[in-house]
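**Q**
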Amino acid sequence: MATSRTLSPQESEAFGQELDALRNRTLADIGAADARYIRRVRASVRLTELAGRTLLFAGFFMPTWIVGVLLLAYSKIVDNMELGHNVMHGQYDFMNDPEFSGKTYEWDHSSTSDAWRNTHNYQHHTYTNVLGKDHDIGYGTVRVFAEQRWRPFYLLQPLWALLQAVLFEYAIAIFDLKLDRYFKGKISKAELAAKLPPVKRKLWRLFLKDFVIFPLLAGPHFLAVLAGNALASLLRNLWTFTVIFCGHFTEHAEVFPASVLKNETRGAWYVRQLRGSSNLSGSRLLHFMTGNLSHQIEHHLFPDLPARRYATLAVEVREICQRYGQHYNTGSFAGQFLTVLARIFRHAFPSRPVVKPA
Amino acid sequence: MPLLPAALVNRLLPQLRPLRRGALASLVREDIFDFYGRLLHPQLQLHRVFARVLSCREEGDSSLVLTLAPSANWRGMQPGQHVALTVDIDGIRHTRRYSPSVLPGGQVEITVKRQEGGLVSGWLHEQAKPGDYLELGQAEGDFVLPATPPAKLLLLAAGSGITPLLAMLRALRAQAYQGDVVMLYYGRRRANLAHLTDLASFPGLRLHICLTGEAPGDGESSGRFSAAQLDELVPDAAERRAYACGAHGFVASVRAVWQARALPALADEAFTPPVWQAADDLPITLTFARSVGQLPGRTGSTLLEQAEALGLRPAFGCRMGICNTCSCHKRTGAVRDLRTGLVSTEPDEAIRLCISAPVGDVILDL
Numbered sequence: 001m002a003t004s005r006t007l008s009p010q011e012s013e014a015f016g017q018e019l020d021a022l023r024n025r026t027l028a029d030i031g032a033a034d035a036r037y038i039r040r041v042r043a044s045v046r047l048t049e050l051a052g053r054t055l056l057f058a059g060f061f062m063p064t065w066i067v068g069v070l071l072l073a074y075s076k077i078v079d080n081m082e083l084g085h086n087v088m089h090g091q092y093d094f095m096n097d098p099e100f101s102g103k104t105y106e107w108d109h110s111s112t113s114d115a116w117r118n119t120h121n122y123q124h125h126t127y128t129n130v131l132g133k134d135h136d137i138g139y140g141t142v143r144v145f146a147e148q149r150w151r152p153f154y155l156l157q158p159l160w161a162l163l164q165a166v167l168f169e170y171a172i173a174i175f176d177l178k179l180d181r182y183f184k185g186k187i188s189k190a191e192l193a194a195k196l197p198p199v200k201r202k203l204w205r206l207f208l209k210d211f212v213i214f215p216l217l218a219g220p221h222f223l224a225v226l227a228g229n230a231l232a233s234l235l236r237n238l239w240t241f242t243v244i245f246c247g248h249f250t251e252h253a254e255v256f257p258a259s260v261l262k263n264e265t266r267g268a269w270y271v272r273q274l275r276g277s278s279n280l281s282g283s284r285l286l287h288f289m290t291g292n293l294s295h296q297i298e299h300h301l302f303p304d305l306p307a308r309r310y311a312t313l314a315v316e317v318r319e320i321c322q323r324y325g326q327h328y329n330t331g332s333f334a335g336q337f338l339t340v341l342a343r344i345f346r347h348a349f350p351s352r353p354v355v356k357p358a
Numbered sequence: 001m002p003l004l005p006a007a008l009v010n011r012l013l014p015q016l017r018p019l020r021r022g023a024l025a026s027l028v029r030e031d032i033f034d035f036y037g038r039l040l041h042p043q044l045q046l047h048r049v050f051a052r053v054l055s056c057r058e059e060g061d062s063s064l065v066l067t068l069a070p071s072a073n074w075r076g077m078q079p080g081q082h083v084a085l086t087v088d089i090d091g092i093r094h095t096r097r098y099s100p101s102v103l104p105g106g107q108v109e110i111t112v113k114r115q116e117g118g119l120v121s122g123w124l125h126e127q128a129k130p131g132d133y134l135e136l137g138q139a140e141g142d143f144v145l146p147a148t149p150p151a152k153l154l155l156l157a158a159g160s161g162i163t164p165l166l167a168m169l170r171a172l173r174a175q176a177y178q179g180d181v182v183m184l185y186y187g188r189r190r191a192n193l194a195h196l197t198d199l200a201s202f203p204g205l206r207l208h209i210c211l212t213g214e215a216p217g218d219g220e221s222s223g224r225f226s227a228a229q230l231d232e233l234v235p236d237a238a239e240r241r242a243y244a245c246g247a248h249g250f251v252a253s254v255r256a257v258w259q260a261r262a263l264p265a266l267a268d269e270a271f272t273p274p275v276w277q278a279a280d281d282l283p284i285t286l287t288f289a290r291s292v293g294q295l296p297g298r299t300g301s302t303l304l305e306q307a308e309a310l311g312l313r314p315a316f317g318c319r320m321g322i323c324n325t326c327s328c329h330k331r332t333g334a335v336r337d338l339r340t341g342l343v344s345t346e347p348d349e350a351i352r353l354c355i356s357a358p359v360g361d362v363i364l365d366l
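Chains as they are written, first to last, in the numbering used here: chain A, 1 to 358; chain B, 1 to 366.
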């Protein structure tokens with residue numbers, strides 16, 4: 001397990017104050033450069049989407065078709081990560097621009113942004129890695145921590161995880177419906193039905209767009225566009241699944257019992273965010289394509305600061321962690337992903353939490 | 001240079017109706033339409049209104065008069081109403097409200113008084129130039145003349161409070177109004193007063209200039225608005241329909257005289273500057289513009305706690321400023337971020353109710 005030492009209440013208070021000070025220093029510097037950046041990111045999303053779809057309209061001429069798929073996949077990934085996810089956190093609310101307002105932003109993703117703002121921005125970011133409160137732990141289908149109760153269902157979880165990766169955006173879209181709880185009888189049919197209409201509307205709308213309207217507009221190239229859109233969506237799903245599972249389910253990521261929430265101080269909240277998250281090291285391109293969620297630790301400490309700041313913040317966060325003897329969970333993309341896979345396979349079988357020496 | 005001519009764009013805008021309402025509208029995301037639209041022309045927007053700056057002219061010693069041509073998305077206005085004008089300064093958008101006049105050609109004239117240290121007014125004075133595009137909101141407010149203008153009017157203006165009244169006068173002149181109008185126009189110095197030449201040319205307008213910061217000239221008065229001054233300058237005030245506009249203090253003193261005298265029918269509008277109160281827990285007024293109107297509040301606790309204590313149920317999540325669920329549009333007023341201690345006075349901005357405490361009166365879109 002990770003080698004973080006237990007902080008005394010005073011230490012965790014001081015740890016939190018150092019992070020607050022770092023946050024305030026960054027806040028004071030936010031402005032024109034960040035606004036210009038996110039506008040450029042959006043322009044790249046829109047223009048690559050246009051270019052990608054146009055190329056796909058040329059049909060199955062392999063070189064253009066492949067470039068078209070890659071451009072469209074780029075557009076979908078960045079729309080999902082660096083644009084949609086970060087804008088919806090309110091990172092760019094300081095611009096006062098209705099098009100970048102976290103409260104109303106809509107993204108090109110099967111999950112309605114309202115559901116996302118609730119399950120992700122609120123539940124996941126407030127209760128990060130707290131069992132029973134953060135439903136992102138395994139997304140209801142995968143057992144990634146020994147602390148989760150084992151059931152025979154999990155024996156096949158490598159398969160469930162693969163399915164979830166392929167269909168990731170749909171898994172996220174229906175995630176808020178808590179179907180697992182419905183099948184367990186914990187949610188009534190009426191409660192489920194009340195949540196359905198917006199989800200159905202959004203799923204139907206995006207399905208129509210990528211798999212009916214654009215292919216039909218291409219006329220004779222119907223199949224080329226259909227296949228291209230499907231492949232671009234698949235690439236986006238596999239990529240986002242991988243990045244997101246690497247954010248919280250790596251080897252040293254910790255999970256917490258609900259009891260930690262009782263009288264949790266701001267400092268302790270920071271410590272939990274740190275211990276529940278894990279980073280990916282890599283190139284600037286990697287950071288960009290993950291929406292800077294490769295800096296998952298910084299994102300969890302400061303979810304409302306523009307994500308383009310995380311790389312700079314990481315240097316100081318790491319230094320602070322070192323001084324307080326806190327493990328800073330980072331590693332290469334491949335390395336971290338392997339530990340995620342190891343967890344998925346290991347905890348498919350009954351397992352017991354390792355008892356930490358006091 | 002825009003790729004499309006403005007005339008074509010403005011002929012096209014009304015034709016976009018099917019994209020705004022109906023079955024097709026649900027397939028079109030406004031921000032995506034607007035993104036591609038503005039690549040072609042800054043005014044090619046689904047709902048939003050951008051106005052082209054036609055001219056900028058100095059008025060008095062501290063006012064700038066902008067003539068704007070709004071896009072065909074603008075629904076027009078009644079004289080006396082106000083509109084939001086938004087400018088982008090270093091990537092951050094700032095909104096201020098102005099009371100424009102509509103010119104005969106459908107253009108909009110906005111008078112911007114330079115405020116000391118004012119970000120937006122300073123920027124407009126220094127940076128705005130013909131050919132720029134500024135965002136304009138749709139007109140709001142009920143400070144307007146009745147459909148049939150009254151025969152006798154009394155207009156009371158202080159400082160930039162002149163603008164909605166000027167808009168009314170111009171509209172009356174356009175209708176060849178034959179009634180009797182008296183105006184009291186207050187300012188610190190004569191040089192501060194905007195639009196004097198224009199006012200002098202109104203037929204049948206009796207204009208009294210009242211200066212509060214320098215000695216009056218011939219035919220002018222001195223001192224702030226008072227009951228005695230009203231009696232002296234407008235003995236028949238009781239027979240007139242009155243409109244008052246200016247800073248909060250001015251409008252309050254006019255209202256007090258009208259109440260004390262039980263005079264009929266005063267319409268008033270105040271440009272309220274944020275009231276700064278540094279102390280810990282003072283009584284203030286919270287205005288929930290969408291739901292209940294005005295309720296008493298305090299400066300000491302968060303807006304979320306206060307709204308809940310007053311029986312409102314705003315959306316909330318983490319209650320610690322991280323999830324943005326309680327994000328809310330603040331129209332005016334100053335709030336303190338309880339995490340950073342920073343006070344923000346910017347009108348029309350997004351704030352989080354759970355970590356914001358009011359510093360003075362606040363108006364929320366809630």
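Even for Gly, the Cβ is constructed at its ideal location relative to N, Cα and C.
Skipping 5 residues on each side, what residues in its chain have a beta carbon closer than 7 Å to that of A:His124?
**A** Excluding sequence neighbours, A:His124 sits near Asp134 and Asp136.
**Q** Is the beta carbon of B:His195 less than 8 Å from the beta carbon of B:Glu59?
**A** Cβ atoms of B:His195 and B:Glu59: closer than 8 Å.
**Q** Ignoring anything shorter than 3 residues or poking outside the stretch 230-301 of chain A, list the beta strand (DSSP E) runs there in chain order.
**A** Taking only runs of at least 3 residues, the beta strand (DSSP E) segments lying wholly in the stretch 230-301 of chain A are 279-281.
**Q** If we require 3 or more residues per run, which beta strand (DSSP E) segments fall completely within the stretch 89-146 of chain B?
**A** 92-98, 108-113 and 133-136, all fully within the stretch 89-146 of chain B.
**Q** Would you identify the three-state DSSP class for B:Asp236, choosing helix, strand or coil?
**A** Note: B:Asp236 maps to coil in three-state DSSP.
**Q** Assuming B:Val83 and B:Arg97 make a contact with CB atoms under 8 Å, what is their CB distance in whole Å?
**A** Going by Cβ atoms, the distance from B:Val83 to B:Arg97 rounds to 7 Å, so yes, they are a contact pair.
**Q** Considering only residues of the same chain and omitting the five flanking positions on each side of A:Phe145, which have a CB-CB separation below 6 Å?
**A** So the qualifying residues of the chain are Val255.
**Q** Roughly how many whole angstroms lie between the Cα atoms of A:Val199 and A:Glu82?
**A** Each residue's alpha carbon lies about 23 Å from the other.
**Q** Using a Cβ-based criterion (distance less than 7 Å to any ligand heavy atom), does B:Gly249 qualify as near the ligand NAP?
**A** With respect to small molecules bound, the structure shown includes none, and the ligand NAP cannot be examined in it.
**Q** Whole angstroms is fine: what's the gap from B:Asp90's alpha carbon to B:Ser71's?
**A** Each residue's Cα considered, the two are about 24 Å apart.
**Q** What is the DSSP secondary structure of B:Ser160, counted as helix, strand or coil?
**A** B:Ser160: helix per DSSP, three-state reduction.
**Q** Helix, strand or coil, according to DSSP, for B:Asp152 in the structure here?
**A** The displayed chain sequence assigns Lys, not Asp, to residue 152 of chain B. Correct three-state label for B:Lys152: strand.
**Q** Decide yes or no for the touch test of the stretch 59-77 of chain A against the stretch 3-19 of chain A: beta carbon pairs closer than 8 Å, at least 3 of them.
**A** Too few Cβ pairs lie closer than 8 Å, so no.
**Q** In terms of alpha-carbon separation, which member of A:Asn263, A:Ala342, A:Leu155 and A:Asn237 lies closest to A:Tyr74?
**A** Among A:Asn263, A:Ala342, A:Leu155 and A:Asn237, the Cα nearest to that of A:Tyr74 is on A:Asn237.
**Q** Tell me whether B:Met168 is buried or exposed, calling it buried when 16 or more other Cβ atoms sit within 10 Å of its Cβ.
**A** B:Met168 comes out buried.
**Q** Output, in chain order, the set of chain B residues within a Cβ distance shorter than 7 Å of A:Ser101.
**A** Within 7 Å Cβ-Cβ: Ala350.
**Q** Any contact between the stretch 62-70 of chain B and the stretch 31-39 of chain B? By contact I mean 3 or more CB pairs, one from each, below 8 Å.
**A** As far as the Cβ criterion goes, the stretch 62-70 of chain B does not touch the stretch 31-39 of chain B, which means the pair count is below three.
**Q** By Cβ distance, which residues of its chain are closer than 7 Å to B:Pro283, with the 5 residues on each side in sequence left out?
**A** Closer than 7 Å at the Cβ level, and outside the excluded window around B:Pro283, lie Pro296 and Arg298.
**Q** Mind pulling the alpha helix (DSSP H) runs of 4 or more residues that sit fully within the stretch 63-134 of chain A?
**A** Qualifying alpha helix (DSSP H) stretches, in chain order: 113-116.
**Q** Would you report the Cα separation of A:Leu231 and A:Gly331, rounded to the nearest angstrom?
**A** The alpha-carbon atoms of A:Leu231 and A:Gly331 are separated by roughly 29 Å.
**Q** If you draw a straight line from the C-alpha of B:Leu286 to the C-alpha of B:Ala315, how long is it?
**A** When rounded, the distance between both Cα atoms is 17 Å.
**Q** With respect to the alpha helix (DSSP H) encompassing A:Pro198, which residues constitute its N-terminal and C-terminal limits?
**A** Here the alpha helix (DSSP H) through A:Pro198 covers Lys189 to Leu208.
**Q** Quick check: the Cα distance between A:Gly219 and A:Leu72, rounded to an integer number of angstroms?
**A** If you take the alpha carbons of A:Gly219 and A:Leu72, they lie about 19 Å apart.
**Q** Taking its Cβ as the centre, do 16 or more other Cβ atoms sit within 10 Å of A:Leu34, making it buried, or is it exposed?
**A** Looking at the sequence shown, residue 34 of chain A is not Leu but Asp. By the 10 Å Cβ count, A:Asp34 comes out buried.
**Q** Just curious, the beta strand (DSSP E) that B:Phe288 is in, first and last residue?
**A** Its beta strand (DSSP E) spans residues Pro283 to Phe288.
**Q** With which residues is A:Gly331 paired in a DSSP beta bridge?
**A** Paired residues: A:Leu280.
**Q** Taking the beta carbon of A:Pro98 as the centre, do at least 16 other beta carbons fall within 10 Å, making it buried, or is it exposed?
**A** By the neighbour-count rule (16 or more Cβ atoms within 10 Å), A:Pro98 is buried.
**Q** Is B:Gly333 helix, strand or coil by DSSP?
**A** In the structure shown, B:Gly333 sits in coil (DSSP, three-state: anything other than H, G, I, E or B).
**Q** Name the chain B residues whose beta carbon is nearer than 8 Å to that of A:Tyr74?
**A** Ordered by position in chain B, no residue passes the 8 Å Cβ test against A:Tyr74, which lies about 17 Å from the chain.
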